[in-house]
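A.B. asks: Heads up, the sequence shown is in my numbering, so the first residue is 25 and it goes up one at a time. Would you mind keeping the following structure in view while I ask a few things?
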Amino acid sequence: MPKVAALPEMLPLLDRHLIDRPTDLQRRGFERFVIEFLYFGLKEARACLFAGLFFLAIFLVPRAGIVGVPRYDLLLIIALTIQVWMIWAKLETLDELKAISIFHLVGFALEVFKTSGNIQSWSYPDFAYTKLFGVPLFSGFMYAAVGSYIIQAWRLFDLRVKHHPPYWMAGLMALAIYANFFTHHYIGDYRWYIAACTLGLYARATIIFRPYDQDRKMPLLAAFVLIGFFIWLAENISTFFGVWRYPNQLGAWSTVHIGKWSSWCLLVIMTFTIVANLKHIKRSIHVPD
């Protein structure tokens, strides 16, 4: 009986199958729709590999921890293990790891501010040895998961962007988005003004992707909104399992406010801007002169 390939060997083979153009292109009508839909779902699932494994750990690790190791510490160990494995299996490059590390640092800094005594937007109620400034170190990986998804999706879907705004404009907008997460506690929330500027900046931007063998396209803004929505759903699940809590969830769990969806959409735009500056991704972005 042939030896079954290990997962690290199977995933690169799966990636090559998903990325290479299929040899049988004679599909029409409903059959083509089904095939493209299935391949789209498979590529999305593969792009969510890091996020999927990490959030699976969030759901499976009991709140009391395992054999005396607190839950938050276990989640950090699991996240680091997944990240090391993805590099070792060549599912991510070192350059991509650098970008993901930026997401981790940016996200962790935001967590420290939001959970501080003066702000208390949310809290991490459980004990952990790996807490720094009251924030468990694993929390940065929740932001890194978004960056990992965008990087993996770019490769698998052969993403290209037409009419991307100039990089300096996109960079300033990303900086404004990030700054507003901090400053709105002191000088007012300018989220909707920033969103309006973003709408104008990316109004012409179109993302081209290949679910199967033909290119499809959609407005880049629509992609931001959809990704933000699914992150909002994941946030609802995470708070339901008590990984962190908002003030209105301390007595009993309730749905995360729908307004958080807009925050996640803006965060996705900021993440996208960082990813777009990777050398191998810049080649697939068209910036009008």
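Think of the CB as a built atom: it goes at the ideal place given N, C-alpha and C, for glycine as much as any other residue. Here the structure is a predicted model, which is why all the values come from computation and not from measurement.
Whose C-beta lies closer than 6 Å to the C-beta of Y270 among residues of the same chain, with five residues either side of it excluded?
C.D. replies: Excluding positions up to five away in sequence, the list reads W146.
A.B. asks: Using 8 Å for Cβ pairs, my map puts I59 next to E120. What's the rounded Cβ distance?
C.D. replies: Wrong, their Cβ atoms sit about 29 Å apart, outside the cutoff.
A.B. asks: I need the straight-line Cα distance from L99 to Q50, nearest angstrom please.
C.D. replies: 46 Å
A.B. asks: Under 8 Å, with one C-beta from each stretch per pair, do the segment 140–155 and the segment 182–198 reach the 3-pair mark?
C.D. replies: Cβ pair count under 8 Å is below three, so no.
A.B. asks: For I59, name the three-state secondary structure that DSSP assigns.
C.D. replies: helix
A.B. asks: If the criterion is Cβ atoms closer than 7 Å, does the pair L180 and L77 meet it?
C.D. replies: Their beta carbons are not under 7 Å apart, which means L180 does not touch L77 by this criterion.
A.B. asks: Kindly list the residues whose CB is nearer than 7 Å to the CB of F253, restricted to its own chain and excluding five residues on each side of it in sequence; keep chain order.
C.D. replies: W285
A.B. asks: Which runs of the alpha helix (DSSP H) fall wholly inside the segment 82–141 and span at least 4 residues, in chain order?
C.D. replies: 95–112, 118–138
A.B. asks: Which residue's Cα is closest to the Cα of C72: R228, I102, I309, Y173?
C.D. replies: Of the candidates R228, I102, I309, Y173, the one whose C-alpha sits nearest the C-alpha of C72 is Y173.
A.B. asks: Buried or exposed for L250, going by 16 or more other Cβ atoms inside 10 Å?
C.D. replies: exposed
A.B. asks: With a threshold of 6 Å on Cβ separation, who are the neighbours of V170 within its own chain once the five nearest residues in sequence on each side are excluded?
C.D. replies: Excluding sequence neighbours, V170 sits near T295.
A.B. asks: Here's the rule I'm using: 16 or more other beta-carbon atoms within 10 Å means buried, otherwise exposed. How should P86 be labelled?
C.D. replies: exposed
A.B. asks: Just list the residues that DSSP pairs L156 with in beta bridges.
C.D. replies: V159
A.B. asks: What is the DSSP secondary structure of V14, counted as helix, strand or coil?
C.D. replies: Here the chain has residues from 25 to 313 only, and residue 14 is not among them.
A.B. asks: Exposed or buried, which one is P235 when buried takes at least 16 other CB atoms within 10 Å?
C.D. replies: buried
A.B. asks: Considering only the beta carbon of each residue, do T297 and A198 sit closer than 7 Å?
C.D. replies: yes
A.B. asks: What do you reckon, are the CB atoms on F248 and I293 nearer than 7 Å?
C.D. replies: yes
A.B. asks: Please say whether K241 and I232 have beta carbons closer to each other than 7 Å?
C.D. replies: It is a contact, given that the beta carbons lie within the stated cut-off.
A.B. asks: Do D97 and A168 have their beta-carbon atoms positioned less than 7 Å apart in this structure?
C.D. replies: No, the Cβ-Cβ distance between A168 and D97 is not below 7 Å.
A.B. asks: So what does DSSP say about V292, is it helix, strand or coil?
C.D. replies: helix
A.B. asks: Can you check whether the CB of G131 is closer than 7 Å to the CB of G164?
C.D. replies: yes
A.B. asks: Do I82 and V267 count as a contact pair if the criterion is CB distance below 7 Å?
C.D. replies: yes
A.B. asks: Output the distance between the C-alpha atoms of G195 and T222, rounded to the nearest integer angstrom.
C.D. replies: 11 Å
A.B. asks: Determine the DSSP secondary structure at V299, reduced to helix, strand or coil.
C.D. replies: helix
A.B. asks: Taking only three categories from DSSP, how would you classify L37?
C.D. replies: helix
A.B. asks: What is the residue span of the alpha helix (DSSP H) that I175 lies within?
C.D. replies: 164–180
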